[in-house]
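Participant: Below is one structure. I have some questions about it.
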Amino acid sequence: MAIFLTADSKVIVQGMTGSEGMKHTQRMLRSGTAIVGGVNPRKAGTTVEFEGGTTVPVFGSVAEAMEATGADVSVIFVPAAYTKKAVFEAVDAGMELVVVITEGVPVKDTAEFYKYAANSGHTRLIGPNCPGLISPGHSNVGIIPASIAPRAGRIGLVSKSGTLTYQMMFELADIGFSSAVGIGGDPIIGTTHIDALAAFEADPETDCIVMIGEIGGDAEERAAAYIADHVTKPVVGYVAGFTAPEGKTMGHAGAIVSGSKGTAQAKKEALEAAGVKVGRTPSETASLVRELMQSKS
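Shown next as structure tokens:
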């Protein structure tokens, strides 16, 4: 079992023939992901050879790729200026899951394609500016290195930060993950902490959930309220930014603190009030998860 992404997922890559698209398509193929096509109108009808003898066809549009391959997932590596158009195309084609890796997408563009996907009633959007998602042993869509957590397990992970996604997966690799979802840290994103929490709560093969947030905004406080009312599984949290100076933007576009609102401490207190165990460092958070999983075995 996995959330959003399974061994049966058929993936196309919008922007596959660009440098980033080529590099990460190769990495996804090594992970066992079923990459069934790429999209580039200028190279439609051609094929791309990858190591291991894998040949991937290139289509002129998402609709053509879906019709020919039955793809149900698209991962987007196109430049920021063309990301909105790429998402609209995938939504119009009826794509079920669209994962936007591209960073630097204008917030206005994200707001428009977020609303477009949400109103479609059929497309789940993850990102933008995210590492993607992985269900170890099944499929890997995005830029998460599969080698850091090669085995499946019973921990579910949802994270704003790509780097902290990698660290948490590495520290708990011996236990393993059902799925790990990097939702991105931009001010507007598709899938949220709450969406992932709901999916992990419903997943019979996830026993413990790890939620990684960061300073800025109120997403973690809203997630805490959701956990208190709807989540029965144990949740362990970490909020990046305990030492961040007030009023200074730190990394992600959404990570800015004003007064007491959006601070790591305020988020920590909200999560703890909902029964979430919160570590002050990534390693301490991993230790809390380890203790929980050992108590279950």
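For the sequence shown, this note's numbering assigns the number -6 to the initial residue and increments by one for each residue that follows.
We treat Cβ as the ideally placed atom computed from N, Cα and C, and that holds for glycine.
(1) Might you give, ordered along the chain, the residues of its own chain that have their beta carbon closer than 8 Å to the beta carbon of S280, omitting 5 neighbours on each side?
(2) Using the rule of at least 16 other Cβ atoms within 10 Å of the residue's Cβ for burial, across every protein chain shown, is Q258 buried or exposed?
(3) Using DSSP bridges, identify the partner residues of V293.
(4) In this structure, does DSSP put P72 in helix, strand or coil?
(5) When the Cα atoms are used, what is the spatial distance from V6 to G30?
(6) Identify whether G252 lies in helix, strand or coil by the three-state DSSP scheme.
(7) For Y231, which beta-bridge partners are listed by DSSP?
(8) Who are the Cβ neighbours of G169 in its own chain at under 8 Å, not counting the five residues just before and after it?
(9) Are three or more beta carbon pairs between the region 169 to 185 and the region 25 to 42 nearer than 8 Å?
(10) Can you look up R144 in the DSSP assignment and give me helix, strand or coil?
(11) Give the DSSP-derived three-state secondary structure of I187 in the structure shown.
(12) Taking the alpha carbon of G45 as the point to measure from, which residue in S54, T18, S67, G234 has its own alpha carbon closest?
(13) Give the range of the beta strand (DSSP E) segment to which L118 is assigned.
(14) So, A127 versus I137, is the Cβ gap smaller than 8 Å?
(15) How far does the beta strand (DSSP E) with G30 in it extend, from its first residue to its last?
(16) Grouping DSSP H, G and I as helix and E and B as strand, with all else coil, what is L285?
(17) Here's the rule I'm using: 16 or more other beta-carbon atoms within 10 Å means buried, otherwise exposed. How should T184 be labelled?
(18) With 16 as the cutoff for other CB atoms within 10 Å, does T158 come out buried or exposed?
(19) Buried or exposed: K16, going by 16 or more other Cβ atoms within 10 Å of its Cβ?
(20) Is the beta carbon of M161 sitting closer than 8 Å to the one on T116?
(21) Taking only three categories from DSSP, how would you classify S154?
(22) Under three-state DSSP, which class holds L90?
Facilitator: Let me lay it out:
(1) Taken in chain order, the residues that qualify are G272.
(2) Exposed.
(3) The structure shown does not extend to residue 293, since the chain is modelled only from -6 to 290, so the question has no answer here.
(4) Three-state DSSP puts P72 in coil, outside helix and strand.
(5) Each residue's alpha carbon lies about 6 Å from the other.
(6) Bear in mind that a pLDDT of 47 at G252, under 50, signals an unreliable position, so the number given afterwards is only what the model happens to contain. Of the three classes helix, strand and coil, the one that applies to G252 here is coil, per DSSP.
(7) Its beta-bridge partners are I205, G272.
(8) Within the same chain, G169 has close Cβ partners P129, A142, R144, A145, G146, R147, I148.
(9) With contact defined as three or more Cβ pairs closer than 8 Å, the region 169 to 185 and the region 25 to 42 are not in contact.
(10) In this structure, R144 counts as coil in the three-state DSSP scheme.
(11) Here I187 sits in helix by DSSP.
(12) Relative to G45, the option among S54, T18, S67, G234 whose CA is nearest is T18.
(13) Here the beta strand (DSSP E) through L118 covers 117 to 119.
(14) As written in the sequence, residue 127 is Ile, which differs from the Ala given in the question. Yes, the Cβ-Cβ distance between I127 and I137 is below 8 Å.
(15) Taken as a continuous stretch (DSSP letters only), the beta strand (DSSP E) holding G30 covers 28 to 32.
(16) Assignment of L285 by DSSP, reduced to helix, strand and coil, places it in the helix class.
(17) Taking all protein chains shown into account, T184 has 16 or more neighbouring C-beta atoms within 10 Å of its C-beta and is therefore buried.
(18) When all chains shown are included, T158 counts as buried.
(19) Exposed, because fewer than 16 other Cβ atoms sit within 10 Å of the Cβ of K16.
(20) In this structure, M161 lies away from T116, with their beta-carbon atoms at least 8 Å apart.
(21) If DSSP states are grouped into helix, strand and coil, S154 belongs with coil.
(22) Under the three-state reduction of DSSP, L90 is assigned to strand.
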